[in-house]
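Numbering (my numbering), first residue to last: 77 to 304. Heads up, the beta-carbon is just placed ideally off N, CA and C, and yes, glycines get one too.
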Amino acid sequence: MMIKDNLQCIHNEIMHIARKCDRDPSKIKLIAVSKMKPCSAIELAIQAGQLAFGENYVQEGIEKIQYFRQLNMNLALQWHFIGPLQSNKTKLVAEHFDWVQTVDRLKIAKRLSEQRPNTLLPLNILIQVNISNEQTKSGVTPDELLPLALEIIKLPNLTLRGLMAIPKAETDPNLQRIAFDEMFKLYDNLQQHIKLDTLSMGMSDDMVSAIIAGSNMVRIGSAIFGKR
Ligand SMILES: *Cc1c(COP(=O)(O)O)cnc(C)c1O
């Protein structure tokens with residue numbers, strides 16, 4: 077596996093697109109999605125300079141976090157929970173992760189805030205938006221976004237940083253752009269009410285369209301670690 081080369085390729089691509097859009101490439105953050113990949117693969121990515129990782133499954137993610145903690149590497153690493161989150165798992169997530177990108181209801185947010193240990197910094201939160209309105213996907217509707225955001229900012233142990241979306245998979249870049257442009261509008265609107273700095277959208281197959289639309293956090297799995 078050429079993890080180091082893949083990372084270099086993605087960084088080059090981000091740089092290239094950012095320049096074309098007149099944006100600062102250093103403001104576009106790359107999250108390496110390591111779900112279903114072993115710690116040895118994550119280690120190769122770390123050696124290549126990658127420090128932020130995304131995990132979808134609570135137990136698997138925590139095992140990896142603990143592995144790197146025991147190697148004393150966790151201070152430098154940043155762990156993003158990016159999978160669906162049930163309320164019986166919030167405590168584990170609040171105790172181990174740095175970010176949760178998939179918050180879509182107040183009940184989950186309240187539990188995360190209550191269960192976040194005081195010894196840790198506030199948990200960084202993104203609200204997930206179901207931008208393509210798919211039955212099978214989690215996320216708030218655009219109408220639900222502002223009311224939820226206004227409640228989340230009251231919670232003491234959370235910091236609301238922005239929005240996340242997983243639009244319906246499309247191969248045509250023009251179709252990809254529709255959902256991403258809508259997300260950018262929602263983000264831009266919400267910023268009139270609340271200070272935010274993160275719009276997480278774009279995966280291996282739609283990263284370019286997401287960045288053109290204004291994403292500043294891309295979550296890339298298979299293009300770094302290979303097929304799952
Ligand atoms: C798996 C996953 C990714 C990465 O997907 P790739 O297509 O492998 O880049 C990004 N975001 C979320 C929420 C995921 O579940």
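Quick one: does the C-beta of Arg-295 sit closer than 7 Å to a heavy atom of ligand 1?
Taking the sequence shown and counting its residues from 1, the one referred to as residue 295 is at position 219. Yes, the Cβ of Arg-295 comes within 7 Å of a heavy atom of ligand 1.
Could you tell me whether the segment 189-196 touches the segment 144-151, where touching means 3 or more Cβ pairs closer than 8 Å?
no
Would you report the Cα separation of Leu-224 and Lys-111, rounded to the nearest angstrom?
In the sequence shown, counting from the first residue as 1, residue 224 sits at position 148. In the sequence shown, counting from the first residue as 1, residue 111 sits at position 35. Distance between the alpha carbons of Leu-224 and Lys-111: 28 Å.
Sequence-distant residues of its chain with Cβ nearer than 7 Å to Ile-93 (five each side left out)
Position 17 of the sequence shown, counted from the start, is the residue given in the question as residue 93. Result list for Ile-93: Val-284, Ile-287 and Ile-288, in chain order.
When the Cα atoms are used, what is the spatial distance from Lys-186 to Thr-166?
Counting from 1 along the sequence shown, the entry for residue 186 is found at position 110. Counting from 1 along the sequence shown, the entry for residue 166 is found at position 90. About 10 Å.
DSSP bridge partner residues for Thr-235 (one or two, in chain order):
Your numbering for residue 235 matches position 159 in the sequence shown. Paired residue(s): Asn-200.
How should Gln-177 be labelled, buried or exposed, when 16 other C-beta atoms within 10 angstroms of its C-beta is the threshold for buried?
Taking the sequence shown and counting its residues from 1, the one referred to as residue 177 is at position 101. So Gln-177 counts as buried.
Below 8 Å on the Cβ atoms is my guess for Ala-108 versus Ile-300; work out the distance and round it to an integer in Å.
Counted from its first residue, the sequence shown places residue 108 at position 32. Counted from its first residue, the sequence shown places residue 300 at position 224. Distance from Ala-108 to Ile-300 at the Cβ level is roughly 5 Å; contact confirmed, criterion being Cβ atoms closer than 8 Å.
Compare the C-alpha of Ser-116 against each of Gly-130, Ile-79 and Leu-226 and name the closest.
As a first step, residue 116 must be located in the sequence shown, where it is residue number 40. Comparing Cα positions, the closest option is Ile-79.
Residue environment, Ala-245, which counts as buried when at least 16 other CB atoms sit within 10 Å
As a first step, residue 245 must be located in the sequence shown, where it is residue number 169. By the 10 Å Cβ count, Ala-245 comes out exposed.
Would you say the beta carbon of Lys-113 comes nearer than 7 Å to a heavy atom of ligand 1?
Position 37 of the sequence shown, counted from the first residue, corresponds to residue 113. Checking the Cβ of Lys-113 against ligand 1 gives no.
So for Ile-288, helix, strand or coil by DSSP?
For this step, residue 288 is matched to residue 212 along the sequence shown. In the structure shown, Ile-288 sits in a helix (DSSP, three-state: H, G or I).
I think His-156 touches Gly-130, with their Cβ atoms under 8 Å apart; what is that distance to the nearest whole Å?
Position 80 of the sequence shown, counting from 1, holds the residue named residue 156. Position 54 of the sequence shown, counting from 1, holds the residue named residue 130. With a Cβ gap of about 4 Å, His-156 and Gly-130 count as contacting.
Spatial neighbours of Asn-292 in its chain, beta-carbon cut-off 6 Å, leaving aside the 5 residues before and after:
In the sequence shown, counting from the first residue as 1, residue 292 sits at position 216. The answer, listed in chain order, is Lys-103, Ile-104 and Leu-275.
N- and C-terminal bounds of the beta strand (DSSP E) containing Ala-128:
Along the sequence shown, read from residue 1 onward, the residue named residue 128 stands at position 52. Taken as a continuous stretch (DSSP letters only), the beta strand (DSSP E) holding Ala-128 covers 128-131.
With 16 other Cβ atoms within 10 Å as the buried cut-off, status of His-172:
Stepping through the sequence shown from its first residue, residue 172 is reached at position 96. Buried: at least 16 other Cβ atoms inside 10 Å.
Taking 8 Å as the threshold (C-beta atoms), are Leu-202 and Val-179 in contact?
Numbered from 1 along the sequence shown, position 103 holds the residue referred to as residue 179. Numbered from 1 along the sequence shown, position 126 holds the residue referred to as residue 202. Yes. Within cutoff.
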